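*Asks:*
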Amino acid sequence: MDFQTDQLPISFDIYTTSTKPKLTRTSTSKVRTGCVTCKKRHVKCDEAKPHCRNCVRNNRQCEGYAIPDRKRNKGPGQFQWDSKRVTWTAPLKTQLHLVQDSLDFRDAQTVLYFDEFIQVVQSPWISAGFNSDLWSVTLPQVARTNDIVRHAAIAIGALSKWLAKLEYDSLGSLLSADNEAAQEDPDYLNAVSHYCHALKLQSQQFSIHDAVFLSVLFLCFETLRGNRKAALDHINHGLAMLLALLTDEDSSLMKSVAPNPKPLIAVVADIFSQLLPQTRLILRGNIGRSPAVPNFTKGLRAKKHTVESFMSLVNQIPRDYPPTEKLPPVLDSLDDFEKYWLTGRNAKLAVVPLLMEAVQNTGVLVSSDPDIISRVWREITADPRIKEICEASTKELRALEAAFMPLFNRAIMSDAKSTDYIRAVHLRLHYLGTCTFDDLTHFYDVEPIQAKTPLFREYLSLAEISIRIAKRDLKNPAQQLSLQCNMASHLFLIALFCRDALLRDEATWLLKDYPGQDGIWNARSLYLLAHRNKVVERINASEGTPIEQWHRLLRREYLFEEGGDRVIFCYLEKDETTGEWRLVEETAVVKGELDAIEWARRPPSAAGRPLLGDIITLWPELVE
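Residue numbering for the sequence shown follows our numbering, beginning at 216 and increasing consecutively.
#1: Do you know offhand how far Ile709's Cα is from His657's?
#2: Once the 5 residues before and after Arg797 are set aside, which same chain residues still bring their CB inside 6 angstroms of it?
#3: Helix, strand or coil for Gly828, going by three-state DSSP, please let me know.
#4: For Leu460, collect the residues of the same chain with a Cβ closer than 6 angstroms to its Cβ; drop the 5 residues on either side in sequence, then sort them by chain order.
#5: Would Leu809 and Tyr729 qualify as a contact pair, given that the criterion is a beta-carbon distance under 8 angstroms?
#6: Throw me the rounded Cβ distance for the Leu498 and Ala484 pair, which I believe falls under 8 angstroms.
#7: Is it true that the CB of Leu374 sits closer than 8 angstroms to the CB of Leu416?
#8: Quick one: what's Ala815 bridged to in DSSP?
#9: Using 8 angstroms as the threshold, is the C-beta distance between Leu557 and Ala626 below it?
#10: Give the C-beta separation of Ile486 and Gln699 to the nearest angstrom, bearing in mind that I take them to be a contact with Cβ-Cβ under 8 angstroms.
#11: Would Ser338 count as contacting chain B if we go by Cβ distances under 8 angstroms?
#12: State yes or no: is the C-beta of Ser740 within less than 8 angstroms of the C-beta of Val805?
#13: DSSP on Arg440, reduced to helix/strand/coil?
#14: Under three-state DSSP, which class holds Leu198?
#15: Starting from Val352 and walking both ways along the alpha helix (DSSP H), at which residues does that stretch end?
#16: Please report how far the alpha carbon of Leu381 lies from the alpha carbon of Ala693, in whole angstroms.
#17: Please report the residue range of the beta strand (DSSP E) in which Lys789 lies.
#18: Please return the same chain residues whose Cβ sits closer than 7 angstroms to the Cβ of Ala573, not counting the five positions on each side in sequence.
#19: Hey, could you find the ends of the alpha helix (DSSP H) Leu725 is sitting in?
#20: Mind reading off the beta-carbon distance from Phe671 to Asp715? Whole number of angstroms is fine, and I expect it under 8 angstroms.
#21: For Asn755, which residues in the same chain have their Cβ closer than 7 angstroms to its Cβ, ignoring the five residues on either side in sequence?
#22: By the three-class DSSP mapping on this structure, what secondary structure does Tyr659 have?
#23: What do you get for His409, buried or exposed, if any count of 16 or more other CB atoms within 10 angstroms of its CB means buried?
#24: Excluding the 5 residues flanking Tyr403 on each side, which residues of the same chain have their C-beta closer than 6 angstroms to its C-beta?
#25: Under DSSP, the alpha helix (DSSP H) around Ala603 begins and ends at which residues?
#26: Determine contact between the region 609 to 623 and the region 676 to 693, defined as no fewer than three beta-carbon pairs at a distance below 8 angstroms.
#27: Checking the sheet assignment: what are the DSSP bridge partners for Arg593?
#28: According to the neighbour-count rule (16 or more other Cβ atoms, all chains shown, within 10 Å of its Cβ), is Glu721 buried or exposed?
#29: Helix, strand or coil for Cys713, going by three-state DSSP, please let me know.
#30: Tell me, please, which residues DSSP counts as bridged to Tyr773.
#31: Count Cβ pairs between the region 517 to 524 and the region 581 to 591 that sit closer than 8 angstroms; are there 3 or more?
#32: Report yes if the C-beta distance between Asp660 and Ser697 is below 8 angstroms; otherwise report no.
#33: Distance check for Pro819 and Cys167, CA to CA, integer angstroms please.
#34: When the Cα atoms are used, what is the spatial distance from Gln276 to Ser351?
#35: Could you have a look at Ala821 and say whether DSSP puts it in helix, strand or coil?
#36: What do you reckon, are the CB atoms on Leu725 and Gly344 nearer than 8 angstroms?
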């Protein structure tokens, strides 16, 4: 879709008159408050909310409705926020008059930046197939009416303009380059200026309503800038804010967000919940000394909660759709599939405390035995409670797939540039990722992993299609950002666990050219690990039965220090002197040409114990 950037947005000037309006011969008043998209195109709008039906009917992305700033209102109107709608209530005598001005913006340049922001948050990659109005409707609407949120939005738009000028074909390759000289560019300086101004305004007049939106926008800004340490800080504050909202006894904080805030909070919580696992592996500093989300973990301790109980609170937030009923034989829409899939995914959280129990029972956190990890997997596989949950989940996933595939096949036979085609591919990738990696009873023996080879192959095929579409359609690198996509991490897991060497190589090469930025994952770091794993696989295959080789591979571990810029990789290697397999630890700094990066040996950080022990030290809330 082409977004026009040569016109100022339409704003409103409200005044109150004490005289009775003159009656006209028309039976209805003339529409003057249509959506932004219709105004830009100079066509009549039916004012349906949250999406104008005129835009939907013509396959255009509705940009929402321009609302006047409260400070410029001369009547006693009241701003109301209801999760996905922005409305204005005013006395009957108040009349609206369109004014072509730029009162919401400092100058024409900021208008261009704001339009650039709209293109970023409405790109198909950012939501990774999920149909969330947060990106397409809510954030653009709130940014038009809220000074602080608008400055954050303009900062993202300016940064997007800067990124587009650097002549890189992907966000991943751009963020890895040395752009210090380019940071003197006016667009970059304007981006930082608006970002700092938004931070300053938030510190001066804190509002939980603003914080909900700013937590997402600040995270997007720092991720686009490649500052993963600052991005970790924003994840930390976002999670701490959500914990405060969800554990507030009288719900006063929640009520201060909006009259009906819970569907909105649910969407934001889903985003941060998906980012939470990344913070356990990506450290802000060095191993053992730098918890990535200290405010959040401190809040968990103070509230006597664990990560699992926090996730349970997130899943209890009412959504903007009713609870799912019995699964029909065939699903009617991609929205229906998304709802059933999310419900089933959330139900599997019951397995988390059982996994922590298995970790504690085996003594893995204090053992330096090279075989200890395989014993943990054996205990997990043998636990009847874990097995029951996983078997029930597998049954539900198979039923969901049967109901989804007719819909999926229709979607992929449509135009490859259509929204349904791209969304169906992403949703299928989410489903395959769940089927492939979430059943933890399949990892102790090698046969169940080998049986997943067709799933690995299909995932790689769809991932290649998705990446090709992104490179073709997303010309601005900023549009390749997503806080909800997990494709890079799944490609890495395939490169690690798949037993077909050719498929492992394919996953590795897809990682090397991966265009997107998935949360705070560093795709270059993941590629570096996957490429190093080829050496580990070759050494491991030199001796032993398939099950012995597999159990040695289960001892592999990895962590990311300094926000993902340094990689730690642990694995078993045969000592040629003693003939024993011993643990080795290597590190690499992710800088420069990937294939020229060298790995360096160092003594094991945890004295031969699993790195998991240091993670638990930083995350005691996992097991308490």
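Yeah, the Cβ is synthetic: ideal placement off N, Cα and C, and Gly gets one too.
None of the values given here were measured: they were computed from a predicted structure.
*Replies:* Concretely, from the data shown:
#1: Your numbering for residue 709 matches position 494 in the sequence shown. Your numbering for residue 657 matches position 442 in the sequence shown. Distance between the alpha carbons of Ile709 and His657 is about 14 angstroms.
#2: Taking the first residue of the sequence shown as 1, we reach residue 797 at position 582. Around Arg797: Asp790.
#3: Locating residue 828 in the sequence shown gives position 613, where the first residue counts as 1. Correct three-state label for Gly828: helix.
#4: One-based indexing of the sequence shown puts residue 460 at position 245. Cβ within range, chain order: Leu468 and Met469.
#5: For this step, residue 809 is matched to residue 594 along the sequence shown. For this step, residue 729 is matched to residue 514 along the sequence shown. No, they are not a contact pair.
#6: By 1-based counting over the sequence shown, the position of residue 498 is 283. By 1-based counting over the sequence shown, the position of residue 484 is 269. Leu498 to Ala484, Cβ: 24 angstroms. No contact.
#7: As a first step, residue 416 is located in the sequence shown; it is residue number 201 there, counting from the start. As a first step, residue 374 is located in the sequence shown; it is residue number 159 there, counting from the start. Not in contact: Leu416 and Leu374 (Cβ atoms no closer than 8 angstroms).
#8: To locate residue 815, count along the sequence shown from 1; it is residue 600. In the DSSP output, where bridge partners are listed per residue, Ala815 has Thr802.
#9: Translated into the one-based positions of the sequence shown, residue 557 becomes position 342. Translated into the one-based positions of the sequence shown, residue 626 becomes position 411. Not in contact: Leu557 and Ala626 (Cβ atoms no closer than 8 angstroms).
#10: Reading the sequence shown from its first residue, position 271 is the one you call residue 486. Reading the sequence shown from its first residue, position 484 is the one you call residue 699. Confirmed, about 6 angstroms.
#11: The structure shown contains no chain B; it is built from a single protein chain.
#12: Within the sequence shown, numbered from 1, the residue matching residue 740 stands at position 525. Within the sequence shown, numbered from 1, the residue matching residue 805 stands at position 590. Closer than 8 angstroms, so yes.
#13: If you number the sequence shown from 1, residue 440 lands on position 225. It is coil, neither helix nor strand.
#14: This structure cannot speak to residue 198, because the chain is shown only from 216 to 839.
#15: Start at 1 with the first residue of the sequence shown, and residue 352 comes out as number 137. From DSSP, Val352 is part of no alpha helix (DSSP H); its letter is neither H nor E.
#16: If you number the sequence shown from 1, residue 381 lands on position 166. If you number the sequence shown from 1, residue 693 lands on position 478. Taking the straight line from one Cα to the other gives about 11 angstroms.
#17: Numbered from its first residue, the sequence shown carries residue 789 at position 574. Unbroken beta strand (DSSP E) run through Lys789: Arg781 to Lys789.
#18: For the purposes of this step, residue 573 is taken as the residue at position 358 of the sequence shown. The answer, listed in chain order, is Val591, Glu594, Ile595 and Asp598.
#19: Sequence index remark: in the sequence shown, residue 725 carries index 510 (1-based). Start and end: Ala716 to Lys727.
#20: Taking the first residue of the sequence shown as position 1, residue 671 is located at position 456. Taking the first residue of the sequence shown as position 1, residue 715 is located at position 500. Confirmed, Cβ separation roughly 7 angstroms.
#21: As a working mapping, residue 755 is identified with position 540 in the sequence shown. Excluding positions up to five away in sequence, the list reads Gln764, Arg767 and Leu768.
#22: What you label residue 659 is simply residue 444 of the sequence shown in a count that begins at 1. Coil at Tyr659, not helix or strand.
#23: Along the sequence shown, read from residue 1 onward, the residue named residue 409 stands at position 194. The residue is buried, with at least 16 neighbouring Cβ atoms inside 10 Å.
#24: Sequence index remark: in the sequence shown, residue 403 carries index 188 (1-based). Same-chain partners within the cutoff: Trp377.
#25: Taking the first residue of the sequence shown as 1, we reach residue 603 at position 388. The sequence given here places Glu at residue 603; Ala does not occur at that position. That run of the alpha helix (DSSP H) goes Pro599 to Ile627.
#26: no
#27: Reading the sequence shown from its first residue, position 378 is the one you call residue 593. Paired residue(s): none; Arg593 is not in a bridge.
#28: Position 506 of the sequence shown holds residue 721. When all chains shown are included, Glu721 counts as buried.
#29: Counted from its first residue, the sequence shown places residue 713 at position 498. The answer is coil: DSSP assigns Cys713 none of H, G, I, E or B.
#30: Here residue 773 refers to the residue found at position 558 of the sequence shown. Paired residues: Phe784.
#31: no
#32: Residue mapping note: residue 660 aligns to position 445 of the sequence shown, counting from 1. Residue mapping note: residue 697 aligns to position 482 of the sequence shown, counting from 1. No, the Cβ-Cβ distance between Asp660 and Ser697 is not below 8 angstroms.
#33: This structure cannot speak to residue 167, because the chain is shown only from 216 to 839.
#34: As a working note, residue 276 is residue 61 in the sequence shown. As a working note, residue 351 is residue 136 in the sequence shown. Approximately 8 angstroms between the Cα atoms of the pair.
#35: For the purposes of this step, residue 821 is taken as residue 606 along the sequence shown, with counting starting at 1. Three-state DSSP puts Ala821 in coil, outside helix and strand.
#36: The residue given as residue 725 occupies position 510 in the sequence shown. The residue given as residue 344 occupies position 129 in the sequence shown. Result no, Cβ atoms of Leu725 and Gly344 do not sit closer than 8 angstroms.
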